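Asker: Before anything else, here's the structure in question.
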Amino acid sequence: MEPTFVPLYAVLVSLLAVPLILLSSSRPNVREFWTILAGFIKFGLILSLLPTALAGNSVELTIIELAPGLPLLLKADPFGIYFAVIASGLWIFTSFYSIGYMRGAGEKKQSRYFASFAVCLSATIGIAFSGNLLTFIVFYEMLTLATYPLVIHKENRKAIDAGRKYLSYTLTAGLLLIASAAIIYNLTGTLDFRPGGIFNDVHVSGPLMLTTFLLFLGAVGVKAGIMPIHSWLPAAMAAPTPVSALLHAVAVVKSGVFGVIRMTGYIFGTDVMTAFSLNDIMLVIAGTTILVASLLAFRQDNLKRRLAYSTVGHLSYIVLGVALITPLGMTGAVMHIAAHATMKITLFFCAGAIYVNLHKENISDLDGIAKVMPWTMGAFVIGSLGLAGIPPLNGFLSKWHLAAGTLEGEMIIPVIILVVSGLLNVGYFFPIIYRAYFKTGDSSLDNHTEASPFMVVPLVSTAILSILFGLFPNLFFNFYDLAQLIAFTLFNGG
Amino acid sequence: MMTDFLLGHYAYWLTLILLSIGLYGILFKKNLVKKTIGLTILQASVVLFWVSIGSKWGATVPVRHYSLPTSEVANYLNPLPHTLMLTAIVVGVATLGVAFSLLIAIYNRFQTLDEDEIRDQIQ
Amino acid sequence: MIETHLPALIALNFLVFALLIPLFGIWKRAVCQPLAVTGTGISTALSLYGFLSVLNDQPLRYFFGAWQPPVGIEFVYDGLSAFVVLVINVVAFIVLIHSKHVAIGEFAQKQMAYYSLVMLMMLGFNGMVLTGDLFNLYVFLEISSLSAYALIAIGEKGAPFAAFRYLIIGTAGGTFYLLGLAFLYTVTGTLNLIDMAAMLPELADNRAVVTALILMVVGIGVKAALFPMHGWLPDSYTYASSTSSALIAPIGTKVAAYVLIRIMLFLFGIELIDLVVPISTIVGILACIGILYGSIMAIAQNELKRMLAYSSVSQIGYILMGISLANPFGFIGAVLHILNHAIMKATLFMVSANLRMKEGHSDISLFDHTYRKKYPLTMLSFTVAAISMVGLPPLAGFFSKWYLVLGTVDANNWLFLVVILASSLLNAVYFFRILEKVYMSNPNSEVEASDETSPMDEVKPSMLYTTLTFAVALLLIGIFNVAIVSMISSMFPGGL
């Protein structure tokens with residue numbers, strides 16, 4: 132197969148599954164077969180690009196011109212491939228899990244659900260492979276639209292309100308993105324993502340640069356859940372759990388973080404960021420978000436909401452790592468994308484399994500469930516320890532790099548933030564584990580056993596993955612090398 | 005000076021006065037027939053203005069006359085504004101026709117031609 | 025033969041059919057609609073042919089009776105007029121095909137008059153776009169307006185009153201235009217647009233010229249529904265019959281906007297327009313107010329057609345804002361939005377016609393999730409058009425917004441930028457409100473909604489496929505917008 136077309140096929144494959152999914156809506160097994168088939172093909176296609184990425188090369192494909200001089204450009208560069216591998220790989224797990232969850236919970240309109248999910252994945256891979264900002268905008272908006280039906284899936288008052296909130300945040304973000312793209316195009320005459328940025332030869336006044344940066348940060352920051360524009364994320368927990376798991380822990384929010392890195396390293400460039408002290412703004416916002424989100428997580432009794440706030444906090448780890456503008460910090464940030472993805476998806480899977488199996492959503496009701504659901508809670512323990520940054524899980528490795536990055540940048544406050552937040556992580560996960568293992572449950576737990584294997588197998592697998600990647604960061608996909616390569620190109624030009 | 009300016013532009017002032025009367029009718033009269041009359045006055049003012057810019061003292065109608073050589077075009081009026089205004093008047097008459105047929109339709113439906121009453125009935 | 029007479033044929037063809045329709049309509053009422061479609065079809069084909077040939081050749085100047093200007097009247101067939109003529113004829117063609125069953129349902133007795141008037145109105149619109157003579161423009165303006173008043177009067181109970189209000193305001197606007205023209209004529213002695221444009225640079229600071237400019241912008245601004253002269257529009261579009269709204273809303277205001285482009289950017293030109301009075305800034309600010317006002321009012325409406333009417337006020341603002349920016353990107357945005365908005369609004373009004381056909385109303389508060397089952401394709405078209413209105417890629421609406429945004433950035437006009445972006449959000453509010461109702465079961469209803477109650481019950485094919493055609497067109501225009509944009513950019517006065 133011609134490698135130049137692989138990025139296009141990778142984007143299209145799940146879109147092509149949509150009509151098949153909708154047509155076979157009366158036969159659920161056939162429908163789910165299409166989802167899984169598309170998932171595997173997509174993952175395979177993206178894996179075939181991995182050697183290119185490891186060699187430091189990219190695959191470029193211009194599909195059509197969207198505006199004079201601004202093509203719809205798919206460019207699978209190492210960073211894009213890295214992100215695409217994570218998103219498409221975890222989609223397979225989520226697909227299996229979704230089958231168990233949706234059937235277990237007896238949800239309606241499953242065809243719409245699976246179809247939207249497939250569109251979301253196309254959009255996410257599109258974001259990963261966007262070669263310029265206009266292409267990025269196209270897929271970013273597509274992701275917004277495709278996620279909306281998933282957020283409102285339950286169609287109750289709460290879900291609809293969450294959907295409105297989600298749309299108002301993300302559509303505003305899209306508009307900010309368009310505005311900043313227009314300004315950038317006006318200033319530089321290009322919108323390409325280039326390692327090192329496109330602002331190097333352009334003289335721009337400080338206030339204008341700051342405005343552009345803030346617009347852009349607002350645009351990608353909404354999906355990246357930075358405070359104070361994060362509040363759609365906890366609200367969007369009204370969606371079914373697989374949606375929260377893949378989209379609100381991996382695809383959507385990571386698209387936001389991905390956008391932050393694209394912005395920092397590929398549009399503004401590390402030199403410009405430091406020259407205009409733009410990274411200081413990001414540092415302050417990210418640091419605050421980490422601490423506040425971790426504290427807010429304590430107050431949530433709803434398990435999914437607690438996880439949501441934890442997600443907000445962890446996303447800002449990545450933003451913080453980027454804002455350090457040091458190679459190690461960048462490596463840590465990139466690695467944390469993968470690390471947080473595997474761990475948080477495990478935790479959400481667990482929350483969903485508990486909900487479907489025991490109909491429990493609140494932490495205060497979780498007493499003694501470890502006896503009933505040993506596998507699920509085991510995976511939960513692994514995920515939460517990983518997020519707290521305890522070795523040998525993969526959360527440790529990324530956090531280690533983040534800390535090393537701060538020291539490399541000769542900063543001390545970010546290290547303190549990281550340490551404090553690690554403690555807070557332990558703090559808000561520990562009560563869950565304590566209740567599950569050391570308290571005795573009431574009679575409602577009788578006659579209940581472990582959740583359906585469709586759910587348990589994926590969540591155990593992702594938990595195992597977190598351990599494996601912690602021990603062998605280069606296992607399977609050479610994530611560690613990739614992260615270092617990405618950080619290296621950002622600081623030394625493409 | 006001032007008198008010269010005022011008197012020298014008398015056609016403008018007449019137009020302006022007629023225009024104002026027409027606009028007043030359109031904007032402030034509640035009866036739809038009166039509004040239509042206002043509209044006609046407004047159109048008439050503009051027609052008269054065009055006619056006035058096409059005329060001048062000491063010139064005659066643009067029909068060739070043996071005593072006035074055609075080499076001296078200044079002896080004749082500019083016919084173009086007048087012919088244009090024939091068209092404009094026809095347009096005005098057509099507008100008036102449409103307006104009256106609409107008024108008949110309105111009266112048949114609402115039994116009144118008062119703007120406020122019609123508004124009340126619609127809501 | 026056809027090449028040289030093309031501009032006249034495109035417009036006058038409508039006159040022929042305006043006469044043919046009553047002739048045959050007396051004999052048989054059912055032939056009126058096919059005749060109207062045929063007539064529009066011929067003009068569409070001619071304008072398509074002309075558009076393609078004018079792309080490669082020089083602009084065509086057609087002198088009536090071979091009288092050279094300034095004595096004679098001419099039609100100017102250049103890229104811009106060819107483009108706009110093509111757009112309005114294609115839209116009219118599709119809407120007329122769609123109109124068949126609407127006409128039978130809503131005003132079966134008046135079909136002959138209706139279609140004859142439509143032909144006259146199209147004559148007026150085509151003439152306005154093509155003519156190169158400013159007085160001739162006035163005549164065509166009145167032809168189109170008079171037919172539009174009559175068309176609007178064929179409708180619900182309030183229609184004649186809405187039409188009468190439009191008549192009063194519209195005629196006053198036309199009269200102002202005529203008065204402005206009088207001033208220009210006294211100064212330049214010509215009525216020909218090209219002649220006059222050549223003379224104006226020496227006269228641009230003349231008080232009469234400035235007065236003329238203001239009067240003409242006000243006069244045409246009424247027709248274009250430039251805020252605050254939009255008062256006639258909401259009632260007219262609401263009470264007119266569904267198919268009249270679908271025809272007049274996409275075309276009428278666009279043609280007026282086109283005339284504004286001609287006057288502001290071609291007749292006066294970018295350098296002269298703001299010489300004495302900052303007219304383009306004023307138009308731009310009024311457009312901004314109109315954009316916000318229209319969007320906010322649209323949110324408050326409970327009737328689909330009225331909501332779309334207010335949305336038109338807002339969208340026209342986009343076009344006028346693009347013109348007022350007077351830079352290439354703004355111009356591209358404005359002209360592209362003439363096309364995009366024409367198609368979006370036609371789609372939306374056709375959807376409202378389809379719903380009225382089936383449900384007997386288009387009251388948003390009564391919409392529910394059964395529509396999704398009953399009218400899947402109609403609602404799909406609505407969704408596409410709505411998303412395009414909000415301006416999400418890759419649909420057409422996104423790209424006109426993109427160029428307008430580039431234009432505002434280029435002009436360093438941050439106020440306009442904020443207005444465009446804010447208005448997109450407001451658009452999202454009033455369209456997603458409907459989409460929510462249609463695609464979701466009502467969360468407040470006591471009864472558990474069952475999915476099986478409503479079998480598919482789509483409208484007639486002639487209505488369904490025309491609506492779908494436009495929806496597909498929106499996607500195609502979006503994807504292939506570069507081809508259109510490169511044409512538009514060559515139409516910018518003075519080139520790029």
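Protein chains in written order, with the working numbering: chain A, 132 to 625; chain B, 5 to 127; chain C, 25 to 520.
Using N, Cα and C, we set each Cβ at its ideal position, and we do this for glycine too.
Since we're looking at a predicted model, the values are computed, not measured.
Taking the alpha-carbon of Ser189(A) as reference, which of Leu180(A), Gly540(A) and Leu197(A) has the nearest alpha-carbon?
Answerer: Locating residue 189(A) in the first sequence gives position 58, counting from the first residue. Of the candidates Leu180(A), Gly540(A) and Leu197(A), the one whose C-alpha sits nearest the C-alpha of Ser189(A) is Leu180(A).
Asker: Which partner residues does Gly179(C) have in the DSSP bridge list?
Answerer: As a first step, residue 179(C) is located in the third sequence; it is residue number 155 there, counting from the start. According to DSSP, Gly179(C) bridges with Ala264(C).
Asker: Could you check how far apart the C-beta atoms of Leu348(A) and Ala452(C) are, in whole angstroms? I think they sit under 8 angstroms.
Answerer: Taking the first residue of the first sequence as position 1, residue 348(A) is located at position 217. Taking the first residue of the third sequence as position 1, residue 452(C) is located at position 428. Wrong, their Cβ atoms sit about 22 angstroms apart, outside the cutoff.
Asker: When you compare the CB of Phe99(C) with every CB in chain B, is at least one pair closer than 8 angstroms?
Answerer: Walking along the third sequence from the start, residue 99(C) turns up at place 75. Taking Cβ atoms only, chain B never reaches closer than 8 angstroms to Phe99(C), which makes this a no.
Asker: Between Gly305(A) and the rest of its own chain, which residues show a CB-CB distance below 8 angstroms, the 5 nearest in sequence each way excluded?
Answerer: As a working mapping, residue 305(A) is identified with position 174 in the first sequence. For Gly305(A), where only same-chain residues beyond five positions count, the Cβ hits under 8 angstroms are Ile268, Tyr271, Glu272, Thr275 and Ala350.
Asker: Listed in chain order, which residues of the segment 170-191 of chain C have Cβ atoms closer than 8 angstroms to some Cβ of chain B?
Answerer: Within the segment 170-191 of chain C, contact with chain B at the beta-carbon level (separation under 8 angstroms) is assigned to Leu170, Tyr173, Ala174, Ala177, Lys181, Gly182, Pro184, Phe185, Ala187, Phe188 and Leu191.
Asker: Please classify Ala576(C): is it buried, with 16 or more other beta-carbons within 10 angstroms of its beta-carbon, or exposed?
Answerer: Since the first and last residues shown for chain C are 25 and 520, residue 576(C) lies out of range.
Asker: Please say whether Leu428(C) and Gly318(C) have beta carbons closer to each other than 8 angstroms?
Answerer: Numbered from its first residue, the third sequence carries residue 318(C) at position 294. Numbered from its first residue, the third sequence carries residue 428(C) at position 404. No.
Asker: With a threshold of 16 other CB atoms inside 10 Å of the CB of Met480(C), please say whether the residue is buried or exposed.
Answerer: Within the third sequence, numbered from 1, the residue matching residue 480(C) stands at position 456. By the neighbour-count rule (16 or more Cβ atoms within 10 Å), Met480(C) is not buried but exposed.
Asker: Who does Ala198(A) pair with in a DSSP beta bridge?
Answerer: Sequence index remark: in the first sequence, residue 198(A) carries index 67 (1-based). DSSP output for Ala198(A) lists Leu201(A) as bridge partner(s).
Asker: Chain A beta carbons: is any one of them nearer than 8 angstroms to that of Glu383(C)?
Answerer: By one-based count along the third sequence, residue 383(C) stands at place 359. By this cut-off, Glu383(C) is not an interface position.
Asker: Please classify Asp387(C): does DSSP put it in a helix, a strand, or coil?
Answerer: Against the third sequence, residue 387(C) aligns to sequence position 363. The answer is strand: DSSP assigns Asp387(C) an E or B state.
Asker: Looking only at its chain, what residues have a beta carbon closer than 7 angstroms to the beta carbon of Ser171(C), apart from the 5 residues adjacent to it on each side?
Answerer: As a first step, residue 171(C) must be located in the third sequence, where it is residue number 147. Leu141, Leu144, Met145 and Gly148, listed in sequence order.
Asker: Between the C-alpha atoms of Thr193(A) and Ile320(C), what's the straight-line distance to the nearest angstrom?
Answerer: Residue mapping note: residue 193(A) aligns to position 62 of the first sequence, counting from 1. Residue mapping note: residue 320(C) aligns to position 296 of the third sequence, counting from 1. Distance between the alpha carbons of Thr193(A) and Ile320(C) is about 40 angstroms.
Asker: Which word fits His13(B), buried or exposed, when buried means at least 16 other C-beta atoms lie within 10 angstroms of its C-beta?
Answerer: Looking up residue 13(B) in the second sequence gives position 9. It counts as exposed.
Asker: For Tyr316(A), decide whether its Cβ has a neighbour in chain C, counting only Cβ atoms nearer than 8 angstroms.
Answerer: As a position in the first sequence, residue 316(A) is number 185, starting the count at 1. Interface annotation, Tyr316(A): in contact with chain C, CB-CB separation under 8 angstroms.
Asker: In this structure, what does DSSP give as the bridge partners for Leu192(A)?
Answerer: Counting from one through the first sequence, the residue named residue 192(A) turns up at place 61. Per the DSSP secondary-structure output, Leu192(A) pairs in a beta bridge with Leu205(A).
Asker: Kindly say whether Glu238(A), judged by its beta-carbon, lies nearer than 8 angstroms to any beta-carbon of chain C.
Answerer: The sequence position of residue 238(A) within the first sequence is 107, counting from 1. Chain C, which has no Cβ nearer than 8 angstroms to the Cβ of Glu238(A), makes this no.
Asker: What does Thr194(B) touch in chain C if you count any residue whose Cβ is under 8 angstroms from its own?
Answerer: An answer regarding residue 194(B) cannot be provided, because it is not within the stretch 5 to 127 covered by chain B.
Asker: Going by DSSP, what residue range makes up the alpha helix (DSSP H) through Phe270(A)?
Answerer: The count along the first sequence starts at 1 and reaches residue 270(A) at position 139. Its alpha helix (DSSP H) spans residues Leu264 to Val282.
Asker: Does the distance from the C-beta atom of Ala495(C) to that of Ala377(C) stay below 8 angstroms?
Answerer: Taking the first residue of the third sequence as 1, we reach residue 495(C) at position 471. Taking the first residue of the third sequence as 1, we reach residue 377(C) at position 353. The answer is no: Cβ separation not under 8 angstroms.
Asker: Taking DSSP as the reference, what is the three-state secondary structure of Glu119(B)?
Answerer: Locating residue 119(B) in the second sequence gives position 115, counting from the first residue. In the structure shown, Glu119(B) sits in a helix (DSSP, three-state: H, G or I).
Asker: Using only the heavy atoms of the ligand PLP, determine whether one of them is closer than 7 angstroms to the beta carbon of Leu147(C).
Answerer: Ligands in the displayed structure: none, and consequently the ligand PLP is not present.
Asker: Given a limit of 9 angstroms on CB to CB distance, which residues of the segment 148-160 of chain C reach chain B?
Answerer: Only Phe159 from the segment 148-160 of chain C bring a Cβ to less than 9 angstroms from some Cβ of chain B.
Asker: Considering only residues of the same chain and omitting the five flanking positions on each side of Tyr282(C), which have a CB-CB separation below 7 angstroms?
Answerer: Looking up residue 282(C) in the third sequence gives position 258. So the qualifying residues of the chain are Val108, Val153 and Ile362.
Asker: Rounded to whole angstroms, what is the Cα-Cα separation between Ala497(C) and Ser269(C)?
Answerer: Against the third sequence, residue 497(C) aligns to sequence position 473. Against the third sequence, residue 269(C) aligns to sequence position 245. Taking the straight line from one Cα to the other gives about 20 angstroms.
Asker: Between Gly452(A), Pro505(A), Ala501(A) and Pro589(A), which has its C-alpha nearest Lys530(A)'s C-alpha?
Answerer: As a working mapping, residue 530(A) is identified with position 399 in the first sequence. When only C-alpha atoms are compared, the closest one is Gly452(A).
Asker: Just checking: is the beta-carbon of Leu490(C) within a distance shorter than 8 angstroms of some beta-carbon in chain B?
Answerer: Taking the first residue of the third sequence as position 1, residue 490(C) is located at position 466. The sequence shown places Thr at residue 490(C), not Leu. No, Thr490(C) does not count as interfacial toward chain B.
Asker: If you run the structure through DSSP and keep just helix, strand and coil, what is Arg325(A)?
Answerer: Translated into positions along the first sequence, residue 325(A) becomes position 194. Arg325(A): coil per DSSP, three-state reduction.
Asker: Do you know how far the Cα of Val242(C) is from the Cα of Tyr334(C)?
Answerer: Counting from one through the third sequence, the residue named residue 334(C) turns up at place 310. Counting from one through the third sequence, the residue named residue 242(C) turns up at place 218. Approximately 20 angstroms between the Cα atoms of the pair.
Asker: Name, please, each residue of chain C whose Cβ falls closer than 7 angstroms to the Cβ of Ile283(A).
Answerer: Along the first sequence, read from residue 1 onward, the residue named residue 283(A) stands at position 152. Simply Met464.
Asker: Just verifying my parser: in three-state terms, what is the DSSP assignment at Phe99(C)?
Answerer: Working through the third sequence from its first residue, we reach residue 99(C) at position 75. The answer is strand: DSSP assigns Phe99(C) an E or B state.
Asker: Per the DSSP calculation, Asp259(C) is bridged to which residue(s)?
Answerer: Position 235 of the third sequence, counted from the start, is the residue given in the question as residue 259(C). Answer is none; Asp259(C) lacks a bridge partner.
Asker: Mind listing which residues of the segment 242-274 of chain A have their C-beta closer than 7 angstroms to chain C's C-betas, in chain order?
Answerer: Ile268, Val269 and Glu272
Asker: Comparing alpha-carbon positions, which option in His361(A), Ala380(A) and Gly572(A) lies nearest Ala424(A)?
Answerer: Within the first sequence, residue 424(A) is the residue found at index 293, counting from 1. Of the candidates His361(A), Ala380(A) and Gly572(A), the one whose C-alpha sits nearest the C-alpha of Ala424(A) is His361(A).
Asker: Using CA coordinates, which residue listed in Gly415(C), Phe99(C) and Met136(C) is at the minimum distance from Trp51(C)?
Answerer: By 1-based counting over the third sequence, the position of residue 51(C) is 27. The shortest C-alpha to C-alpha distance from Trp51(C) to any of Gly415(C), Phe99(C) and Met136(C) is the one to Met136(C).
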